[in-house]
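So the mapping is simple: this note's numbering equals the position in the sequence shown, first residue as 1, plus 436.
Accompanying notes for the structure given below.
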Amino acid sequence: MSDTARLEQDIQATRARLEGTINELAYRAQPQVIAQRQAQGLRLKLDAATHTPDGELRIERIAAMVAAAVAVVVVVGFLRRRR
Numbered sequence: 437m438s439d440t441a442r443l444e445q446d447i448q449a450t451r452a453r454l455e456g457t458i459n460e461l462a463y464r465a466q467p468q469v470i471a472q473r474q475a476q477g478l479r480l481k482l483d484a485a486t487h488t489p490d491g492e493l494r495i496e497r498i499a500a501m502v503a504a505a506v507a508v509v510v511v512v513g514f515l516r517r518r519r
């Protein structure tokens, strides 16, 4: 194979790799895809926070989260009535 043919093959291979990279970046930059990744990350964090590595619920953490949510609702309600 001549040097010219080898160079043309290298150029074609490089173009194919670049095209794949550009397509992947364009896909990852879509707002819907970004939102899906963030939602999946939040689900994983919530699962890690509320379950043991064995998959059992961490009741004490769930109770603490519920208590914090109730406290926020009470404070917001109190502040709204005060206005």
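For every residue, glycine included, the Cβ atom is placed at its ideal position computed from N, Cα and C.
The C-alpha of I470 is placed about 31 Å away from the C-alpha of A499. Contact between T486 and L478 does not hold, since their C-beta atoms are separated by about 12 Å, which reaches or exceeds 8 Å.
Annotation for A507: no residue places its beta carbon closer than 8 Å to its own, counting only its chain and skipping 5 residues before and after. Take the alpha-carbon of P467 and the one of L454: they are about 22 Å apart. Here the alpha carbons of Q445 and A465 stand approximately 30 Å from one another.
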